[in-house]
Structure formats: structure tokens, C-alpha cells
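A short worksheet on the structure shown next.
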Amino acid sequence: MRIGSYELKIEKRLALAGWEAAIISIFAIIFALALFSIIFILAEINPLLAYREIFSYAFANPYGLPLTINRFVFILLCTSAFIIPFRAGLWNIGMPGQLYAGALGAFAVLFAFGGKALPPPDLSPAILIPLMLIAAALGGAGLGAIAGFLKGKFNTNEIVVTMIMNFIAFWLVAHMIKEGGPFMNPGGRGESFELPPSVHAPLIMGVPFTVFFALGVAALLYFVFAKTKIGYQIRAHGHSPAAARYAGISPFRISLLVFAIGGAVAGLAGYHYFAAVPGVYKIARTYGYFGDLAFYGIICGLISLGNPLAAIPVALLFGGLSIGGRFVQGKLQIGFGVDYALLGVLMITLVAFQFFYHYKTAWVKTGEKKLDVGVYR
Amino acid sequence: MWEFIARSLEASMIFTFAALGELIDQRSGVLNVGIEGVMLFGATLGFIAAQSTESYLLGFLVGIAIGGLLGFLHGFFSVTLGVDQVVVGMGIWILGFGLTTYIGNPYTGPLGMERIPTILGLSPFFYVGIALVVVSWFVLSKTSLGLRIRSVGENPAVAEVSGIDVTKTRYLCATIGGMLGGLSGAIYSLFYNPVWNYNFLMGWGFIALALVFFSMWNPLILLGGSLLFGTLWQLSLNPQLVLPGVLSRYIWRTIPFVITIGVLLIISTKWFRIRWGAAKPEALGQPYAKE
Chain D
1 MRIGSYELKI EKRLALAGWE AAIISIFAII FALALFSIIF ILAEINPLLA YREIFSYAFA
61 NPYGLPLTIN RFVFILLCTS AFIIPFRAGL WNIGMPGQLY AGALGAFAVL FAFGGKALPP
121 PDLSPAILIP LMLIAAALGG AGLGAIAGFL KGKFNTNEIV VTMIMNFIAF WLVAHMIKEG
181 GPFMNPGGRG ESFELPPSVH APLIMGVPFT VFFALGVAAL LYFVFAKTKI GYQIRAHGHS
241 PAAARYAGIS PFRISLLVFA IGGAVAGLAG YHYFAAVPGV YKIARTYGYF GDLAFYGIIC
301 GLISLGNPLA AIPVALLFGG LSIGGRFVQG KLQIGFGVDY ALLGVLMITL VAFQFFYHYK
361 TAWVKTGEKK LDVGVYR
Chain Y
1001 MWEFIARSLE ASMIFTFAAL GELIDQRSGV LNVGIEGVML FGATLGFIAA QSTESYLLGF
1061 LVGIAIGGLL GFLHGFFSVT LGVDQVVVGM GIWILGFGLT TYIGNPYTGP LGMERIPTIL
1121 GLSPFFYVGI ALVVVSWFVL SKTSLGLRIR SVGENPAVAE VSGIDVTKTR YLCATIGGML
1181 GGLSGAIYSL FYNPVWNYNF LMGWGFIALA LVFFSMWNPL ILLGGSLLFG TLWQLSLNPQ
1241 LVLPGVLSRY IWRTIPFVIT IGVLLIISTK WFRIRWGAAK PEALGQPYAK E
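The listed protein sequences derive, respectively, from chains D and Y.
Using the numbering used here, you'd call the opening residue of the first sequence number 1 and step up by one each time.
Using the numbering used here, you'd call the opening residue of the second sequence number 1001 and step up by one each time.
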């Protein structure tokens, strides 16, 4: 392409420095938000006004900020669940299913301890909350492990399998909480029984303790990938499964491991959303809406290029945007689904920007003799 | 019983159209894992167009057009920009899911138009679908265009040397694949189940994707797979036809998905892989850059 006497040169990147990636990612987000203005303009709303409302509600409003932080914890856990297989070169898009399995695990513990009874029994949080967390992690890990096992053993396409597991888990939740299912609300509504107040997740400054889980998991993952042998093996598998095998790394073990651990983290996200967020404390009738928000984890993981620490600010931003988006939709009378539309626009922008992660572009003045080495097309 | 068979055939055709598009796409070496997104777009915009103009024809045309546009976009990202095709597919799917949720929401509810008449008791799309499958099979395996498409999917470098325009062929297949995906979505929302709802497809596109792997890239086997899964899907909605009162209806809804995983397992076995490995387009999912 050429404009005037300048020509656009495209060159393949040999390596991508961290700061270069960060700049591209920031540009991608800014570009997506600019592109998303079209939605506001079509709804006859000044985009600047809309964004001011979104950000001020999400980050500076006493009601909005806790919501943002809860959403942030959810997205960060889903991102970690995506990143772990991603670093091994595998795609986990089964976070919704894994978090449903986690939620079912946590509620199964309550159910076993008679938490469904009315009036709500006084259960011991010191015993039950750890048990619920373990059950949630195991539930998610179990569902994830199926995809990991099939991938490792039979090389079954993990994208299709994890996605299909989402639908299976979705209908299993419906079976458990609706139409006389074991976890159905005793009031006869098509949602789960409510968490007894005694086992509500403890709040620290108004925020559930799971926020430390999410941050801890991200930090731990960073350490594991950077410093440990297993982290190195996962990365090696991500670069080339064949080469990893020659180096004595079992692809089966890696695949099973990353999907089980990723699933476990997603399971914790399920615990967080359905048993720790103030005001929810049950598997709501509309659990599918929450589950689908887990796909923010894919974008967050891709945009931070699989770096768990870089994912923290991105998850916070996306948490704020989705909460603020939901808020302006009510305040400015826009149709339902602004937060989902944003999800889509962010994703497709990111896809377009993948190009810049792989290629360098520069405007070169033509007419000069240029050495044509390493110049791509 | 007749109604059940007719309904199953209607469901099968949705799988057939979407999966046939994906098959053509993959034959040229382009993998689009986002058919569900293409279908959601075709279904939603087709639904809106039909409802606001009261014309089915316009609804289907809009569905096909948006599908083709998305297929072209997929081609642009993956062929021209050389982005990882899985990432592009995920992008198309999440874009479809996210945007159609927002765009379609004001139209939540039934279509409210007279149903499309059937021909000899069967959906008109049944005849179109059968014809398309046969035509695609013929074009892919018997004509020079088919040879062109297949050679681009097998070995683009060799194809390029023998004078085939790889980029153009891949764009063509990606666009046609998208059009069929969009049409399949429009058939869902205008004929099979004319009601708009939040994220209503619930896995049709992903099952169609699995069907393509299962078909060994042969349209005729694909038709068989679609018929099987259309029937299964219909059964999962009406379990009382075979086993009244056994299991809750939600458990039945998981059956097509469980069987999809079973099918994926079978095609991953060694026996199948020997045949599958030969049928799989060699360059599937790999970007091609002219050196």
C-alpha cells in the first residue's frame, strides 16, 4: 500500500518485547472502545458521556466499585483457567461449564450438610467453607480433566470438547435446580436453595475473601511458569508438542494436568460467583448469563499474551467495563446486552490486532534504494 | 410419528447447511471454529429483516449476506493478515454471541409471521439441502474447481506453482462457507424455531463443526451425520416418544452433546485415524505466505 511517496512496509517480527506487546494491547483496547462508540452513537447517546458514566460508576461509585471488584475476581479466575492450558498451546473455552460444575460441587457440600433445610441451619463456616472450596475446585477439575484426558490420549479437538462440555454442564445445572431437582429452592422457584447466612463467604472491607484467591492464583501461576520445572515443561509443550516429547515430556500428562488445574480454577470462579458475591448466594435462575461472562477470560488471557500478572489490570478494566456497561444500559435507556456487545467488539478488535503482534509496519519513503532482506512481501 | 420424522429432517438440514459450509471452507485449508457465531448473526439479522419487512425472502437474503460478510472477514484475518485461524474463529464466535445479544434483544419473542409452507409434508429446505450436498460432492470431487479447492487445502505452495491463486480460492471458500452458515442460522430462526431468545442456538454450530471432522470431509457422509444428529436433537426435545418418564427433560438435553463427544472419540481411534489422516486437508488451519 502506498500513500504519496511513502510506502507501507510489513516486516515479520522475530521477537516481541514485553513493552511492545503492552503497547499493542493498550492500543487494541483503546481502538475497541472507540469502535464501540458506534453502538452509543446509534443509540443516540454521546459516547464520551457514556464512557464517563461507565468509568465513574465502575471505579468511583460506592455501589459500583464493589460490583466491579467482584466481577474482576470472577474474570481474573476465568482468565487464569484459560491461561494455564493456553501456555501449553491448548484451548480451554470450557470455563462456563467448569464454573457450573464448581458451583454444583459447592452446593453439593451444603446439601450434604443439610443446608437446604428451612429455617436455614447454623453451619460451621470454618469447616464448610473450606469444604465448599475444595468441592468447587474438584468439580471444575473433573470437568476440565475430561477434555485434557481426551486431548492427551486421543488427540481429540479440545475446543469442541470443552465447548460441548459447557452445554452438558449447563443442562446438568438446570436438572439440579429446576423442576424438582435436588438443589431446587424449597419455595418452588426454579433456582437453587439459598446459602445459609452462617456460611456466607467472609467479607474483607466489603469484598469477599476470594479476591485474595484470584490474585494469589495469578501470582502463583506467574512464579510457576517463570521458575519451576513443570512450568517450563508446560511452556515447552506450548512451543512444540513434538519437541517436548523428544525432551522426555509426556504430552498426555501435560494435557491432563493443565486442563485439570485450569478447570479447578474455573470451579473456584463458580464458588465465587454463586456462593461469595454479596446479594447472590444461590445458583440464580439466570445462571447462563453469568456463565457466558466467563468468555471475558478468553479475551483477557489473549490480550495479556498468557501473562498472569499482566492479566490483573486487564481483568480489572474488563470487570469495570462490564459492570459500568450494565449500569449505563439502565441509566441511559439502551437495550439489554451492552456488556455482551462490548465483549464481542473487544474480541474482534483483538483478533485484528494479532497482526501487529506478528508483524512490524513502517511507512518508508520510496525512491530510496532499500536492501530487500527480511522484508516480507 | 410422521411429524417427528419431518421435524427431525428440518433439524438435520440446519446441521447440513452449516456443516457443508464449514466443509467447503476446510477443504481449502481454512478452519472456522466460529460457525456458531456466523449462525447467530444470520439468524438474528435474518429474523429482524423478515419481521420488519414481512418478507421471508429478504430475511434469508440478509442471513446469507451477513454470513458471507463474516466468512469474508474470516478470510481477511486468516488469509491476508495471517492471524492464527483458531483465534479468528473464536473472535467471530464471540463477536456473534456478544453483538447479537445486544442487537436482537428488542426483538425477543416470536416472529409472528405465517409459517413457510411445506412441500409434500417436508420442509422446502430439505430438498435444497439434498441438492446442495450432491452438488458440493460433485464439484469437490469431479470438477476442476473442486481440484483447485482441494489442492489449495492440501499443499498451497504446490498449488501456487501450478498456477492456482491460493488467496482467491481461500477467500471464495471462506465466503461461501460463511453464506451457508448464515443461511443455516436464518433457517433456524425463520423456520425451525421462529422465536428470538438470548443465545438461543445453544451448541448447534459446535455440533456442526464436530460433524465436519466426523465426515472425513465428504459431503455425503456429512449428510448422514447431520440426519443422525438432527434426529438425536429432536429426540432429546421429545424423550417421551421413546422412554416416557425416564430421567428429567434436562438430562435428555445433554444426550446429543454426550454422543458428540462419543463420536469425536471414535474418530480419534487408531482405526479411524488411519483413514482420517489421509482425508484431512494437509494444510488445514495453517496460514499460507508466498515466499
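We put the beta carbon where it would ideally sit given N, CA and C, even for glycine.
Computed from a predicted model, the values in this text were never measured in an experiment.
For this session: Using three-state DSSP, classify A264/D as helix, strand or coil.
Result: Three-state result, A264/D: helix.
Problem set entry | Per-residue contacts from E179/D into chain Y (C-beta, under 7 Å) | S1248, listed in chain order.
For this session: For V160/D, return the contacting residues in chain Y, with the cut-off set at a CB-CB distance below 7 Å.
Result: Those within 7 Å of V160/D in chain Y are F1206, L1209, A1210 and L1264.
For this session: Keeping to the same chain, check which residues put their C-beta closer than 8 Å to that of I1164/Y; ignore five residues upstream and five downstream.
Result: Answer for I1164/Y: R1148, S1151 and V1152, listed in chain order.
Problem set entry | chain D contact for T1254/Y (CB, 8 Å cutoff) | Chain D contact via Cβ: present.
Problem set entry | Amino acids of chain Y, ordered along the chain, whose beta-carbon sits closer than 7 Å to that of I83/D | Within chain Y, no residue comes near I83/D; the closest Cβ sits about 15 Å away, beyond 7 Å.
For this session: Indicate the three-state DSSP secondary structure (helix, strand or coil) for M381/D in the structure shown.
Result: Only positions 1 to 377 of chain D appear in the structure, and residue 381/D is not among them; the question remains open.
For this session: Go through its chain and collect everything with a Cβ distance to G139/D's Cβ below 7 Å, but skip five positions before and after it.
Result: Excluding sequence neighbours, G139/D sits near A101, G102, L104, G105 and G267.
Exercise. Over what stretch of residues does the beta strand (DSSP E) that includes W363/D continue unbroken?
Worked result: Its beta strand (DSSP E) spans residues Y359 to K365.
Problem set entry | Straight-line Cα distance separating L1222/Y from F1097/Y | C-alpha separation (whole angstroms): 26 Å.
Exercise. Exposed or buried, which one is E179/D when buried takes at least 16 other CB atoms within 10 Å?
Worked result: Exposed.
For this session: Determine the chain Y residues that contact L350/D at a beta-carbon separation under 9 Å, and present them in chain order.
Result: By Cβ distance, chain Y contributes V1087 and G1091.
Exercise. If you follow the beta strand (DSSP E) that Y6/D is part of, which residue opens it and which one closes it?
Worked result: Note, Y6/D: beta strand (DSSP E), Y6 to K12.
Exercise. Is there a Cβ from chain Y that is less than 8 Å from the Cβ of V338/D?
Worked result: For V338/D, the answer is yes, since a Cβ of chain Y falls inside 8 Å of its Cβ.
Exercise. Which word fits L1020/Y, buried or exposed, when buried means at least 16 other C-beta atoms lie within 10 angstroms of its C-beta?
Worked result: Classification for L1020/Y: buried.
Exercise. Given 8 Å as the limit, is there contact between the region 84-96 of chain D and the region 139-152 of chain D, that is, 3 or more CB pairs closer than that?
Worked result: Remark: three or more beta-carbon pairs, one from each stretch, lie closer than 8 Å, so the region 84-96 of chain D and the region 139-152 of chain D are flagged as touching.
Exercise. Quick one: is F1098/Y near chain D, going by C-beta distance under 8 Å?
Worked result: Strictly speaking, residue 1098/Y in this sequence is Gly, with Phe absent from that position. Taking 8 Å as the threshold, the shortest C-beta distance from G1098/Y to chain D falls below it.
For this session: Taking only the alpha-carbon atoms, compute the straight-line gap between G1068/Y and M1179/Y and give it to the nearest angstrom.
Result: Whole-angstrom Cα-Cα distance: 4 Å.
Problem set entry | Short-range partners of chain Y found in the region 65-92 of chain D, where Cβ spacing is below 7 Å | For the region 65-92 of chain D, the beta-carbon criterion of a distance under 7 Å to any beta-carbon of chain Y is satisfied by W91.
Exercise. Taking Cβ positions, are G1182/Y and N1032/Y nearer each other than 8 Å?
Worked result: With respect to the 8 Å criterion, G1182/Y and N1032/Y are not classified as neighbours on the basis of their beta carbons.
Exercise. Can you tell me whether DSSP reads E1003/Y as helix, strand or coil?
Worked result: Under the three-state reduction of DSSP, E1003/Y is assigned to helix.
Problem set entry | F225/D - containing alpha helix (DSSP H), residue span | T210 to K227 is the extent of the alpha helix (DSSP H) around F225/D.
Exercise. Taking all protein chains shown into account, do 16 or more other C-beta atoms lie within 10 angstroms of the C-beta of N46/D, making it buried, or fewer, making it exposed?
Worked result: Its Cβ having fewer than 16 others within 10 Å, N46/D is exposed.
Exercise. Exposed or buried, what is V1134/Y when buried is set at 16 or more other beta-carbons lying within 10 Å of its beta-carbon?
Worked result: When all chains shown are included, V1134/Y counts as exposed.
Problem set entry | Span of the alpha helix (DSSP H), counted from its first residue to its last, around L1045/Y | Going by DSSP, L1045/Y is part of the alpha helix (DSSP H) stretching over I1035 to T1053.
For this session: Enumerate in chain order the residues of its own chain whose CB-to-CB distance from D1025/Y is below 7 Å, with the five nearest sequence positions on each side excluded.
Result: Apart from sequence neighbours up to five positions away, the residues of its chain that approach D1025/Y with a beta-carbon distance below 7 Å are N1032, C1173, A1174 and G1177, ordered along the chain.
Exercise. Mapping DSSP to helix, strand and coil, what is W91/D?
Worked result: Shown here, W91/D sits in coil according to DSSP, grouped into three states, outside any helix or strand.
Exercise. Hey, would you say T1167/Y sits closer than 8 Å to I1103/Y, going by beta carbons?
Worked result: The answer is no: Cβ separation not under 8 Å.
Exercise. Relative to the ligand NAD, is the shortest distance from any of its heavy atoms to the C-beta of L150/D smaller than 7 Å?
Worked result: Within the structure as shown, the ligand NAD is missing, as the structure has no ligands at all.
Problem set entry | Residue(s) in a DSSP beta bridge with L203/D | Per DSSP, P208/D.
Exercise. Between T210/D and chain Y, is there a C-beta pair that is closer than 8 Å?
Worked result: Cβ-Cβ to chain Y under 8 Å: no for T210/D.
For this session: Identify the continuous alpha helix (DSSP H) that holds G139/D and give its terminal residues.
Result: Per DSSP, G139/D belongs to the alpha helix (DSSP H) from P125 to F154.
Exercise. Going by the beta-carbon positions, is the gap between G1203/Y and I30/D smaller than 8 Å?
Worked result: Not closer than 8 Å, so no.
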